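Accompanying notes for the structure given below.
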């Protein structure tokens, strides 16, 4: 029987409670009186080190940063900020692209970094993860035991945001999204009560947290995740010159339809990207990423029905890198996190279908026009812009896995043809360009939706984890799910305090 493993950082080094001292007009001083030593104020080393974010757009100055070490600390803090009518936000990994996504100007940040414990159950079927953990912490903890959870592909992404927004993963083809593999959530409600949400307790809250975000329902202080046996993973990154763009995309969509969507190969994972690099006059470069999660499968590279051989069949790639190693090493290698640039994500989804080649070509053309014009305008203002369009498939096996345990809040169902989450990440330096880039990218997404609907390839779903600040994400889940999420929010927060005070993220 395996031992119980606990990676908890500083969690047990501080007391959970202290008696309040005399009151103070400042909410930060009120919290500090109740949780002494756990509130960081401006111009201190702890404040400065706790206020570093991936996206430069989140470089704001909160009034203070609360660093809880247990669920009771979170409950006490939440009760204080709501009773004092004080704006706040919650930060875990802090990987939101847009401003105020997980930071706040002149308010309270509840930073979960010290609640980073990771426990593996004795039978290795469940991994309990604190909200301060990042995915590299989780994969490093579980990989030595030959298991994996349905988690993030970028090492510095925090666990909560990924899971509460859905969670596209290497394992999505077989297991669904990350949110579909959460056995239980421990949640601090606005009342201060600490509850569990699972298939037996608070089932409505359990459903809502599976893709509905957290900021309308409560603060999740523990995720109990299903674990699965996992060995080494095969991956390949290939890059071609711009004149191969159409062929690369057609090969990708053909493989997705024939092998992944059909259910032949549940262990392949792939995505297509089109990236502008260099000057504004450059051409976008097509890229394919492919992964295989089960090297013993006949569909694995070198197997009798090798899926990846068909995916990477085009000749003359400019880059062709293959790696076979564990998941932790894969995400360290395939995702390079750069801190400090100003970031943006916008996303929609499209549906494939019969004779879709012409439509897919029109998507490429539309993106090329949008990106080249925007890059030229940014360069004319003395900055440069990196911009990419990424296609990630939603296949029937993945969508079927999303229906288990009562389903999730996303509103997605199996269909005849695969769909694709289409995201447009951008990065630049000048804060004066933020609003223009947001507006132009949001308009491109709207135009793409309209074009897809007109040609019969519309889908409309907006994936929360890749969505931009101007998008109405939960509306894209469908009216029924949006109303259901609103009703659940009203049940657990009848006075609407979280909607009013918890700033920054998407709400129903």
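Numbering (mature numbering (1 follows the signal peptide of the UniProt record, and there is no 0)), first residue to last: -18 to -1, 1 to 490. Where a beta carbon is used, it is the ideal one built from N, C-alpha and C, also for glycine. Keep in mind the model is a prediction, meaning the values are calculated, not measured.
- Residue 66 and residue 438 have their C-alpha atoms some 51 angstroms from each other.
- About 17 angstroms separates the beta carbon of residue 133 from that of residue 76, a gap too long to meet the 8 angstroms contact definition.
- Remark: fewer than three beta-carbon pairs, one from each stretch, lie closer than 8 angstroms, so the stretch 290 to 304 and the stretch 347 to 361 are not flagged as touching.
- The secondary-structure analysis by DSSP pairs residue 129 across a beta bridge with 211.
- Judged by DSSP in its simplified three-state form, residue 243 adopts helix.
- Exclusion of the five residues before and after residue 29 leaves 22, 23, 46, 47 as the residues of its chain whose Cβ lies within less than 8 angstroms of its Cβ.
- Nearest Cα to residue 408 within the set 190, 324, 100: 324.
- Under DSSP, residue 205 shares a beta bridge with 111, 167.
- Segment contact: the stretch 136 to 152 against the stretch 432 to 447, three or more CB-CB distances shorter than 8 angstroms; contact assigned.
- Look at the beta carbons and you see the stretch 221 to 231 touching the stretch 263 to 275: at least three pairs across the two are nearer than 8 angstroms.
- Contact annotation: residue 245 and residue 378 have beta-carbon atoms nearer than 8 angstroms.
- For residue 46, the enclosing beta strand (DSSP E) has its first and last residue at 46 to 48.
- About 13 angstroms separates the CB atoms of residue 394 and residue 330; that is not less than 8 angstroms, and the two are not in contact.
- Boundaries of the beta strand (DSSP E) around residue 410: 408 to 410.
- By the Cβ rule, the stretch 177 to 195 counts as touching the stretch 462 to 481, because three or more pairs are nearer than 8 angstroms.
- As the crow flies, the alpha-carbon of residue 57 is around 13 angstroms from that of residue 93.
- With a 10 Å radius around the Cβ and a threshold of 16 neighbouring Cβ atoms, residue 320 comes out exposed.
- The beta-bridge partner set that DSSP reports for residue 255 consists of 269, 372.
- The residue among 130, 250, 460, 109 with its C-alpha nearest the C-alpha of residue 309 is 130.
- Annotation: the stretch 57 to 128 contains the following complete segments of the alpha helix (DSSP H) (minimum length 4 residues), in chain order: 117 to 124.
- Between the stretch 269 to 286 and the stretch 201 to 216 there are three or more inter-stretch CB-CB distances shorter than 8 angstroms, so the stretches are counted as touching.
- Across the structure, residue 388 and residue 162 are spaced so that their CA atoms are roughly 10 angstroms apart.
- Within a 10 Å sphere around the beta-carbon of residue 347 sit fewer than 16 other beta-carbons, which makes this residue exposed.
- Within the DSSP bridge table, the entry for residue 446 names no partner.
- For residue 303, the uninterrupted beta strand (DSSP E) segment begins and ends at 301 to 307.
- According to the DSSP secondary-structure assignment, residue 218 is paired through a beta bridge with 272, 304.
- For residue 282, no beta strand (DSSP E) encloses it, and the DSSP letter there is neither H nor E.
- With fewer than 16 other beta carbons inside 10 angstroms of its own, residue 382 counts as exposed.
- Judged by DSSP secondary structure, residue 403 falls within the beta strand (DSSP E) whose first and last residues are 401 to 405.
- Under the three-state reduction of DSSP, residue 383 is assigned to helix.
- By the neighbour-count criterion, in which 16 or more other beta carbons inside 10 Å mark a residue as buried, residue 20 falls on the buried side.
- Contiguous beta strand (DSSP E) elements confined to the stretch 321 to 366 occur at 324 to 326, 329 to 333, taking only those with 3 or more residues.
- DSSP links residue 250 through a beta bridge to 274.
- Per DSSP, the unbroken alpha helix (DSSP H) holding residue 419 starts and ends at 416 to 437.
- Of 241, 100, 227, the smallest CA-CA separation from residue 156 is found for 241.
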